[in-house]
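Enquirer: Note that the protein sequences, when read in sequence, are chains A and B.
Position one of the first sequence corresponds to residue 803 (my numbering), numbered consecutively onward.
Position one of the second sequence corresponds to residue 803 (my numbering), numbered consecutively onward.
All C-beta atoms in this analysis are idealised placements derived from N, C-alpha and C, irrespective of residue type, glycine included.
Note that this is a predicted model, so its numbers are computed, not measured.
2 protein chains.
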Amino acid sequence: METTKFAIPEIIFGRGSIKYAGQCALRNGAKKVFLVSDSGIEKAGWVQRLMDVLETAGINWIYYPSVTANPRDFEVEQGAEFYLKNGCDVIMAIGGGSSMDTAKGIAIIASNGGKIRDYEGANRIQRPLPPMVFITTTAGSGSDISQFCIITDVKRAVKMSIISRTLVPNISIVDPLILSTKTETLIIQSAIDALAHAIEAYLSRIASPFTEPQSLKAIDLIMRNLQHAVETRSLDSLEKLSIASIAASMAFSNAGLGAEHALAHSLGGHFDMSHGVVHPILLTEVMRFNLESCPAKMADIGRVVLNKRLGSDEETAMEGIEKLDEFFASFDVSLKLHEVVKKNDKKHLEPICKMAVNDACNLTNPRPASWQELLKICQKVW
Amino acid sequence: METTKFAIPEIIFGRGSIKYAGQCALRNGAKKVFLVSDSGIEKAGWVQRLMDVLETAGINWIYYPSVTANPRDFEVEQGAEFYLKNGCDVIMAIGGGSSMDTAKGIAIIASNGGKIRDYEGANRIQRPLPPMVFITTTAGSGSDISQFCIITDVKRAVKMSIISRTLVPNISIVDPLILSTKTETLIIQSAIDALAHAIEAYLSRIASPFTEPQSLKAIDLIMRNLQHAVETRSLDSLEKLSIASIAASMAFSNAGLGAEHALAHSLGGHFDMSHGVVHPILLTEVMRFNLESCPAKMADIGRVVLNKRLGSDEETAMEGIEKLDEFFASFDVSLKLHEVVKKNDKKHLEPICKMAVNDACNLTNPRPASWQELLKICQKVW
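(1) So is B:Lys-1138 buried or exposed if we call it buried at 16+ other beta carbons inside 10 Å?
(2) Give the residues of chain A in contact with B:Ser-819, contact being defined as C-beta atoms less than 8 Å apart.
(3) If contact is defined by three or more beta carbon pairs under 8 Å, each pair taking one atom from either stretch, is the region 806-817 of chain B in contact with the region 1009-1016 of chain B?
(4) Would the region 927-935 of chain A and the region 848-858 of chain A be scored as touching if the rule is three or more Cβ pairs under 8 Å?
(5) Would you check if the distance between the CB atom of B:Gly-881 and the CB atom of B:Tyr-865 is smaller than 8 Å?
(6) When burial is assigned at 16 or more other CB atoms within 10 Å of the CB, is A:Pro-873 buried or exposed?
(7) Could you check the C-alpha separation between A:Thr-987 and A:Asn-1027 for me, to the nearest Å?
(8) Curious, which full-length alpha helix (DSSP H) runs of at least 4 residues does the region 819-899 of chain A contain?
(9) Shorter than 8 Å from the beta carbon of B:Ala-809 to some beta carbon of chain A?
(10) So, under 8 Å CB-CB, A:Gly-899 and A:Ser-839 are touching, yes? Tell me the CB distance rounded to an integer number of Å.
(11) Using a Cβ-Cβ cut-off of 8 Å (strictly less than) and excluding sequence neighbours within five positions of B:Ser-948, which residues of its own chain qualify?
(12) Are the C-beta of A:Glu-1041 and some C-beta of chain B separated by less than 8 Å?
(13) With B:Ser-1044 as the anchor, note down where its alpha helix (DSSP H) starts and where it stops.
(14) I'd like to know if the region 972-985 of chain B and the region 1015-1022 of chain A are in contact, where contact means that at least 3 CB-CB pairs between them fall below 8 Å.
(15) Would you decide whether A:Glu-1033 is buried or exposed? Buried here means 16 or more other CB atoms lie within 10 Å of its CB.
(16) Can a CB atom of chain B be found closer than 8 Å to the CB of A:Phe-815?
(17) Less than 8 Å between the CB atoms is what I'm expecting for B:Asp-1161 and B:Ala-1064, so what's the real figure, rounded?
(18) Roughly how many angstroms separate the alpha carbons of B:Arg-919 and B:Ile-965, rounded to a whole number?
(19) Just reading off the beta strand (DSSP E) that B:Lys-1178 is part of, what are its end residues?
(20) What are the boundary residues of the beta strand (DSSP E) that B:Asp-955 is part of?
(21) Identify the contact partners of B:Glu-812 in chain A, using a Cβ-Cβ distance below 8 Å as the criterion.
(22) Starting from A:Val-935, follow the beta strand (DSSP E) in both directions and report where the run begins and ends.
(23) Could you tell me how far apart the beta carbons of A:Ile-1024 and A:Ala-1057 are, in whole angstroms, since I believe they sit closer than 8 Å?
(24) Assuming B:Ser-1093 and B:Ser-1006 make a contact with CB atoms under 8 Å, what is their CB distance in whole Å?
(25) Residues of chain B with CB closer than 7 Å to the CB of A:Lys-1019, please, in chain order.
(26) Under 8 Å Cβ-Cβ, which residues of chain A neighbour B:Ile-1045?
(27) Check whether the region 1092-1110 of chain B and the region 943-958 of chain B are in contact - that is, three or more C-beta pairs closer than 8 Å.
(28) Determine, using beta carbons only, whether A:Ser-1076 comes closer than 8 Å to chain C.
(29) Would you mind working out which of B:His-1072, B:Pro-1168, B:Leu-837 sits nearest B:Lys-1148, comparing C-alpha positions?
(30) Whose C-beta lies closer than 6 Å to the C-beta of B:Asp-1115 among residues of the same chain, with five residues either side of it excluded?
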């Protein structure tokens, strides 16, 4: 086997585990925590809860609340100024992918200077970042586990992938109690995001024996628990989605993703859409495109999705993909691009696909995909 | 679920990956590396190879060669003096569990002072350790992944378990090429050590969804590959044992172990024996003792060992244990205590078992075990 790397944060998982946030900050030398979140989490009361935990631990903090969905370049650059001006030493985020990616972007600029676009791509960060302690409020983005940071370049209207081992936070606190305050839509979108991570990571050209079992575990948990979690909101099933998201994140952070995420970044950057919206539209079509390159691995996914073995690899793989289509259709999500993009905007698909081929995620897709092939996929799912 | 923690080092895995040792030391701020190994690894040429790698990276090093099997308290205390006198800043070990545990012991004393016995048990280390980069030369001890350090207390003649998250090294380099220079005995003993880790961690009272899949993966890989690895020495099968050892270590480091390891520490400390010798004698008898407390989980192990499902959990569990007995018998290893302990020494079993009940590993055994029950187990396998 060629050299493979596997890096994840220290994980603290469990109901009520937010209470350990103060100790975690102290263990990383915190005197003044830079706390990143958004108004939704504030309203749900979690920001106040976290502030109370920090105060009990005797830690100063400064709050940076201005996180928007799909964080933009100028926002993290402003945040870094604010971080430095206030002499902070540990960055803590409580929120979904947007809050955590904002925190990562701020950490990069505060310690390495320059503009965030200087770090686009893999391994461009030279100097160490301040310690990061993250508390995820969704079970999907994986930013709390991964070495990825996705920031929108406003001028080019594209989501940049910034990938570096130093973007793995020091500690990730996952408290399933927090999930119980999320909307149905967010639970579905997050779980489908995690499912897309797990599938693309499993098929990645650099998947390894350390990432593959994590992918399959995540697929299994999401297929068996998402419907039930949406219907009942039972803490047990939300907890299982949480575990699935962590497993999927361990996989994609170390194995990379594929063409579907490359497209999702470009489409999402252009039309300001979140991943969770794009995956049910694109994922199975990209799997059909990739099938010829990896029928055995696609069959492994099929076996987990179907929970049974069929005759041939091809048969299992194809039936698995169809089952995924049915699975997506069973939720209240869009299944075609025209449902989420205006008719007039179809003309933008070509430049979007030309952008997507250069996304770092496209490098690990099992079948090389040109922009013309990506465009064909987009047209099929229009 | 109650709060559970999962912490592992950054792992760099692959044939020839020893070449990254210099970069890894530099990333941890190395100016002068304290290099720990033993004469066996030296003779095999790996110490020189590592010194060459460090020199190419422009890093100074000082070599500490005096590692013996089952490292003793006074040795790590001497090592710490040597470390401090030489102004080192990163500890690197290349070797098996003994070299790595020596390095950990030195790291503890060099940064926290006192005597090594002050740190026996769980979470007794207060101050941060120097960065540690480990290169394992066996596929079993797991010290390269785990938060465990086992040092013999010479006066009490017992192996002390020292357990702390800070004992997880910063980086673990696993190069399967190094395994190809090991003896048959060492390959078998190491794999059986990893198998015992995987099984005890799976049954542990604090096993979690993060550790359980790693345990089952390790058991599967060892059952399917050890015989072939011994017969052919093929790099592919040695690599699989390596992956198994990493998976088992991720599991036991975070889930803990059980009564079998508690006994193995006390027996090993008293009679100066390595783990690999004790496991084939004790493991299945401890599993029989534990069976009533965890039939479903014991059946999961049975299904992996047998590679099939039987009627009931109890049937699958029992047949799995018998299959493990057969598996051990198929190698050239001792299966009874009297083969490795002198007849005269039988009288020491009682004090040994009284020591073992207090070993930290006994706390996570699925069925509470008194010293009398441990003694019964030892008598059964005499």
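Expert: The structure says:
(1) For the purposes of this step, residue 1138 of chain B is identified with residue 336 of the second sequence, where counting begins at 1. Around the beta carbon of B:Lys-1138, fewer than 16 other beta carbons lie within 10 angstroms, which makes this residue exposed.
(2) Sequence index remark: in the second sequence, residue 819 of chain B carries index 17 (1-based). Those within 8 Å of B:Ser-819 in chain A are Thr-805.
(3) yes
(4) no
(5) As a first step, residue 881 of chain B must be located in the second sequence, where it is residue number 79. As a first step, residue 865 of chain B must be located in the second sequence, where it is residue number 63. Result no, Cβ atoms of B:Gly-881 and B:Tyr-865 do not sit closer than 8 Å.
(6) Counted from its first residue, the first sequence places residue 873 of chain A at position 71. With 16 or more other Cβ atoms within 10 Å, it is buried.
(7) Within the first sequence, numbered from 1, the residue matching residue 987 of chain A stands at position 185. Within the first sequence, numbered from 1, the residue matching residue 1027 of chain A stands at position 225. Each residue's alpha carbon lies about 15 Å from the other.
(8) Runs found: 823-829, 841-845, 848-858, 875-887.
(9) Stepping through the second sequence from its first residue, residue 809 of chain B is reached at position 7. Yes, its Cβ sits closer than 8 Å to a Cβ of chain A.
(10) The residue labelled residue 899 of chain A in the question sits at position 97 within the first sequence. The residue labelled residue 839 of chain A in the question sits at position 37 within the first sequence. Incorrect: roughly 13 Å between the Cβ atoms, too far for contact.
(11) Numbered from its first residue, the second sequence carries residue 948 of chain B at position 146. If we look at B:Ser-948 and ignore the five residues flanking it on each side, its Cβ neighbours are Leu-969, Val-970, Ser-1051, Phe-1054, Ser-1055.
(12) Residue numbering aside, residue 1041 of chain A sits at position 239 when the first sequence is read from its first letter. Contacts with chain B at 8 Å (Cβ-Cβ) include A:Glu-1041.
(13) Stepping through the second sequence from its first residue, residue 1044 of chain B is reached at position 242. Start and end: 1037-1057.
(14) no
(15) If you number the first sequence from 1, residue 1033 of chain A lands on position 231. A:Glu-1033 should be labelled exposed.
(16) Sequence index remark: in the first sequence, residue 815 of chain A carries index 13 (1-based). Closer than 8 Å to some Cβ of chain B, the Cβ of A:Phe-815 qualifies, so yes.
(17) As a position in the second sequence, residue 1161 of chain B is number 359, starting the count at 1. As a position in the second sequence, residue 1064 of chain B is number 262, starting the count at 1. Contact holds; Cβ gap of about 4 Å.
(18) For the purposes of this step, residue 919 of chain B is taken as residue 117 along the second sequence, with counting starting at 1. For the purposes of this step, residue 965 of chain B is taken as residue 163 along the second sequence, with counting starting at 1. Using only the alpha carbons, I get a separation of about 12 Å.
(19) Taking the second sequence and counting its residues from 1, the one referred to as residue 1178 of chain B is at position 376. Unbroken run through B:Lys-1178 is the alpha helix (DSSP H), 1173-1182; no beta strand (DSSP E).
(20) For the purposes of this step, residue 955 of chain B is taken as residue 153 along the second sequence, with counting starting at 1. Segment 950-955, the beta strand (DSSP E) holding B:Asp-955.
(21) As a working mapping, residue 812 of chain B is identified with position 10 in the second sequence. Neighbours of B:Glu-812 on chain A, chain order: Lys-807, Phe-808, Ala-809, Arg-967.
(22) Residue numbering aside, residue 935 of chain A sits at position 133 when the first sequence is read from its first letter. Its beta strand (DSSP E) spans residues 934-938.
(23) To locate residue 1024 of chain A, count along the first sequence from 1; it is residue 222. To locate residue 1057 of chain A, count along the first sequence from 1; it is residue 255. Actually they do not touch by this definition, with Cβ atoms about 17 Å apart.
(24) The residue given as residue 1093 of chain B occupies position 291 in the second sequence. The residue given as residue 1006 of chain B occupies position 204 in the second sequence. This sequence places Leu at residue 1093 of chain B; Ser is not what is there. Not confirmed; about 15 Å, so no contact.
(25) The count along the first sequence starts at 1 and reaches residue 1019 of chain A at position 217. Here the neighbours are Pro-1015.
(26) Here residue 1045 of chain B refers to the residue found at position 243 of the second sequence. Chain A residues near B:Ile-1045: Pro-1011, Phe-1012.
(27) no
(28) The question asks about chain C, but that chain is absent: this structure's protein chains are A and B.
(29) Taking the first residue of the second sequence as position 1, residue 1148 of chain B is located at position 346. Here the closest residue by C-alpha is B:His-1072.
(30) The sequence position of residue 1115 of chain B within the second sequence is 313, counting from 1. Same-chain partners within the cutoff: Pro-1097, Ala-1098, Ala-1101.
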